[in-house]
Amino acid sequence: MSDTPNLAFDEAATEADALREQLNKHNYRYYSLDDPQISDAQYDQLLRRLENLEERYPLLQSADSPTQRVGSAPLSVFESVAHKVPMLSLANAFDDDELRDFERRLQTRLDDDSALTFVCEPKLDGVAVSLLYRDGVLVQGATRGDGFSGENITANVRTIASIPLKLQGQGFPPVLEVRGEIYLPRAGFDAINAEALAKGDKPFVNPRNAAAGSLRQLDSRITATRPLEMCAYSLGQTEGGALPDTHLATMLCLKEWGFLTNILMEAVVGIEACVDYYQRLAALRPGLAYDIDGIVYKVDSFRLQEALGFVARAPRWAIARKFPAEEATTRLLDVEFQVGRTGAITPVARLEPVFVGGVTVSNATLHNEDEIKRLGLHIGDRVVVRRAGDVIPQIARVLESELDRVDLPGIVFPTACPVCGSALQRSDEQAVLRCTGGLVCAAQRKEAIKHFASRKALDIDGLGDKIIDQLVDKGLIHTVADLFTLQVEQLAGLERMASKSAANLLASIAAARQTTLPRVLYALGIREVGETTAKLLATHFGSLEKLAEADTETLLAVPDVGPVVAAFVIQFLNNPHHLAIIASLREAGVEWPDMQPADEGVLPLAGQVWVLTGTLTAMSRGQGKEQLEALGAKVTSSVSAKTTCLVAGESAGSKLDKARSLDVAVIDEAQFLVLLESGG
Ligand code: IVH
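End of the sequence shown sits at 757 in the numbering used here; the numbers just go up one at a time, nothing left out.
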């Protein structure tokens, strides 16, 4: 019976202890191991049970209880905290050579030319933090401040779920200071900015500012509402206990003790491997869930770190290699409306030029009217421009306008096609406005011809956009077929076209006459028929005539073809105007031999998955891909256990390593050429 108060309290205390342990363990599984055992709802249920017990028996409350993550009463001021071990900054390297200089400096100082082991880790773009644990319990959290003393933000850090309030496992020193970065993952940033906009508040400029602002709250209950995370990257002061003698091993201990560490962290030997890591991480960067502004390289051995020591306020044994910034602020000068190949009207932002993502950007796509509304855009606004990887620059958000917003002109959509004046039509399911002029519209004609001449289509070398614009504007060509009847005198009359280049252009137009069925199908510009679908249609039907006869059902049998694509193909090939263009192409001598349809004979590499890497000398990788696909292979960009074979050209790198580690077949270029010659 548990009706005596003490017994009830004892039972509650035992249960509360068990709940705390379970909650801490689940937190550890979620953040450190990335392997949760229970659902979020089940976690919340355990947490609520603990909250109830602590509410009923206030004596059970403790600072390290998972219930404390909701925040506590506001402070009037942050106290100052001295850092026993200063929190230093890092020297920067801005290119590969500066990274190589870094290794040379280390080798000179150590008087040893042997290759060093470096730990490479993403440089998270957030706020540095110091967390102090006594006997495994979090007792203090502090900002970096000036490196020697910071602000006490213990109440705020306690609200961050990935910061253990109590350490897991064993072996941690009785006094342990862990350092790391507090940051806002992109999704969390978008969510709090959407909320700010909805409330009419000013949005944050970037995730770093938002993380800093969230930590600077005197009321930790506000911090608790921000989805912050903390990733550990080093130790500060420690007392007692035995610690590993390398950085990597220390990070593995931190993971075992319940900290989130970065899974992209890697130990490599020699600086060239560091350069390679930069390339690999740069490729992953646009897809990461959080912002990074570079890579930190650290000498792995603590013995060597000690021997190298510090210079000014940075360690000699570490360096940060910066990435180009992905976001910058600039001003929206105007919005213009472009008409695309299929008549879609796309608003394009004209911007005050700004350097972002490694290039100068003066235009950004705005997609459609909904996007403009979502952004709440006005001409004259200060905007954040984002260019991540090779993605087309975008306007990420509007900052509070420097001018009085009421005076800023809104963006007015055209009511007729800005090029040909035809009526506009809005498709119901998409927010896209389209010009109904078809090939009457000069903009659509130009875009259709540009597409026809492009690299993956007929690949007409030297026929650039500017030339096509002039040819259409002067009425020298109306359709793609007219390209093949152009005369040298007509071309020579164009701006910046000497007779030599006119002759060269005519030669490449002539050369493009010998082409392939997949290229023609792609070049015709049938809506939703991209390069891959064109190839699949070509191998399935074998000829344009057979494709033109196909009904919906036959088309749906082609992989990748759904009802939308099928409808566009049928519509296109039943339009007399399009049939006339195809006939004129043939009359003008354009030839695309029929192919053997897939069902009449299985292609030799059907069902296989190939990857090309490194540099090929006899052809480009794109041409290699085309040849493999013509033999029925699927060509992908990354090696996996499903890969049938890797073609490794010169200076093949990580893909070759991966193929070897997965036991995937590898052939060199010479073997590849033999295979192609033998027809697979
Ligand atoms: S190590 C003495 N590792 O970058 C070495 N710093 O100027 C101290 N940062 O504000 C830092 N990710 O907060 C280290 N993986 C990482 C990091 C990292 C981000 C921040 C750090 C500091 C700045 C260095």
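Idealized CB from N, CA, C, for every residue including glycine. Please read all numbers here as calculations on a predicted model, not as lab measurements.
Where the beta strand (DSSP E) through Gln748 begins and ends: The count along the sequence shown starts at 1 and reaches residue 748 at position 671. Looking at the DSSP string, Gln748 is not in any beta strand (DSSP E); the run it does join, the alpha helix (DSSP H), is 746-754.
Buried/exposed call for Asp734, threshold 16 Cβ in 10 Å: As a first step, residue 734 must be located in the sequence shown, where it is residue number 657. Its Cβ having fewer than 16 others within 10 Å, Asp734 is exposed.
8 angstroms contact criterion, which Pro199 and Ile372 should meet: CB distance rounded: Counting from 1 along the sequence shown, the entry for residue 199 is found at position 122. Counting from 1 along the sequence shown, the entry for residue 372 is found at position 295. About 6 angstroms; that satisfies the 8 angstroms criterion.
Three-way DSSP call (helix, strand, coil) for Ile647 in this model: In the sequence shown, the residue the question calls residue 647 occupies position 570. Here Ile647 sits in helix by DSSP.
Those residues which DSSP pairs with Ile396 across a bridge: As a working mapping, residue 396 is identified with position 319 in the sequence shown. DSSP lists Tyr374 as partners of Ile396.
Per-residue DSSP class, three states only, for Ala822: As displayed, the chain neither begins before 78 nor continues past 757, which places residue 822 out of reach and without an answer.
Secondary structure, alpha helix (DSSP H): runs of 4+ residues fully inside the stretch 588-645: 594-600, 608-618, 621-626, 629-633
Cβ-based burial, His654 [other Cβ within 10 Å; buried from 16]: Locating residue 654 in the sequence shown gives position 577, counting from the first residue. So His654 counts as exposed.
Bridge-paired residues (DSSP) for Ser226: Along the sequence shown, one-based indexing puts residue 226 at 149. Per DSSP, Ala159.
Minimum C-alpha distance to Glu254 - residue among Ala589, Thr220, Asp189, Leu167: Here residue 254 refers to the residue found at position 177 of the sequence shown. Closest option to Glu254, Cα to Cα, is Thr220.
Chain-ordered list of residues that sit, by beta carbon, closer than 5 angstroms to a heavy atom of the ligand IVH: Leu165, Ser166, Leu167, Glu198, Lys200, Leu201, Ala205, Glu258, Tyr310, Val373, Pro392
Through-space distance from Arg390 to Thr236, alpha-carbon basis: Along the sequence shown, one-based indexing puts residue 236 at 159. Along the sequence shown, one-based indexing puts residue 390 at 313. If you take the alpha carbons of Thr236 and Arg390, they lie about 31 angstroms apart.
Per-residue burial, Glu572 [other beta carbons within 10 Å of its own, 16 or more giving buried]: Stepping through the sequence shown from its first residue, residue 572 is reached at position 495. Answer is exposed; the Cβ neighbour count stays below 16.
Spatial distance of Met574 from Pro495 (CA atoms): Mapped onto the sequence shown, residue 574 falls at position 497. Mapped onto the sequence shown, residue 495 falls at position 418. Whole-angstrom Cα-Cα distance: 29 angstroms.
Residue nearest to Asp745 in terms of C-alpha spacing, selected from Lys711, Trp687, Glu706: Numbered from its first residue, the sequence shown carries residue 745 at position 668. The option with the nearest alpha carbon to Asp745 is Trp687.
Contacting residues, own chain, Cβ-Cβ under 8 angstroms from Phe171 (five flanking each side not counted): By one-based count along the sequence shown, residue 171 stands at place 94. Cβ neighbours of Phe171 beyond the five flanking positions: Arg398, Lys399.
Straight-line gap, Glu677 to Asp671 (C-alpha atoms, nearest Å): Counted from its first residue, the sequence shown places residue 677 at position 600. Counted from its first residue, the sequence shown places residue 671 at position 594. With a pLDDT of 47 at Glu677, under the threshold of 50, the modelled position of this residue cannot be trusted; read the value that follows with caution. The straight-line gap from Cα to Cα measures roughly 13 angstroms.
Val412 beta carbon less than 8 angstroms from that of Leu443: What you label residue 443 is simply residue 366 of the sequence shown in a count that begins at 1. What you label residue 412 is simply residue 335 of the sequence shown in a count that begins at 1. Yes, these two residues count as a Cβ contact at 8 angstroms.
Cβ pair Leu381, Arg393 closer than 8 angstroms: Working through the sequence shown from its first residue, we reach residue 381 at position 304. Working through the sequence shown from its first residue, we reach residue 393 at position 316. No, they are not a contact pair.
Sheet register partners of Asn169 (DSSP bridge): What you label residue 169 is simply residue 92 of the sequence shown in a count that begins at 1. Asn169 pairs with Ala397.
Sequence-distant residues of the same chain with beta carbon closer than 6 angstroms to Lys719, five excluded per side: Start at 1 with the first residue of the sequence shown, and residue 719 comes out as number 642. Correct list, in chain order: Val686.
Endpoints, alpha helix (DSSP H) assigned at Asp121: The count along the sequence shown starts at 1 and reaches residue 121 at position 44. That run of the alpha helix (DSSP H) goes 117-133.
Phe179 beta carbon less than 8 angstroms from that of Asp377: In the sequence shown, residue 377 corresponds to position 300, counting from 1. In the sequence shown, residue 179 corresponds to position 102, counting from 1. Cβ atoms of Asp377 and Phe179: not closer than 8 angstroms.
Minimum C-alpha distance to Lys527 - residue among Trp334, Val557, Thr423, Leu501: Residue mapping note: residue 527 aligns to position 450 of the sequence shown, counting from 1. Here the closest residue by C-alpha is Val557.
DSSP bridge partner residues for Arg474 (one or two, in chain order): Numbered from its first residue, the sequence shown carries residue 474 at position 397. Answer is Val461.
Beta-carbon spacing of Asn229, Phe281 below 8 angstroms: Position 152 of the sequence shown, counting from 1, holds the residue named residue 229. Position 204 of the sequence shown, counting from 1, holds the residue named residue 281. Contact: no.
Which listed residue (Gly552, Met328, Pro486) has its alpha carbon closest to that of Cys518: Here the question's residue 518 lines up with position 441 in the sequence shown. Among Gly552, Met328, Pro486, the Cα nearest to that of Cys518 is on Gly552.
Which of helix, strand or coil DSSP assigns to Arg293: On the sequence shown, residue 293 is found 216 positions in, with the first residue counted as 1. Reduced to three states, the DSSP call for Arg293 is coil.
Opening and closing residue of the beta strand (DSSP E) in which Ala344 lies: Numbered from 1 along the sequence shown, position 267 holds the residue referred to as residue 344. Run containing Ala344: 343-346, per the beta strand (DSSP E) assignment.
Gly277 to Asn270 span [Cα, whole Å]: Sequence index remark: in the sequence shown, residue 277 carries index 200 (1-based). Sequence index remark: in the sequence shown, residue 270 carries index 193 (1-based). Taking the straight line joining both Cα atoms gives about 10 angstroms.
Cβ-based burial, Asn101 [other Cβ within 10 Å; buried from 16]: As a first step, residue 101 is located in the sequence shown; it is residue number 24 there, counting from the start. Burial call: buried.
Other residues of its chain near Asp190: CB distance less than 7 angstroms, five sequence neighbours each side excluded: Stepping through the sequence shown from its first residue, residue 190 is reached at position 113. The residues are Gln184.
Backbone secondary structure at Thr315 - three-state DSSP: As a working note, residue 315 is residue 238 in the sequence shown. Residue state, collapsed to three classes: strand.
contact_flag[the stretch 91-107, the stretch 130-145] where n(CB pairs < 8 angstroms) is 3 or more: yes
Identified DSSP bridge partners for Ile369: Translated into the one-based positions of the sequence shown, residue 369 becomes position 292. Leu201.
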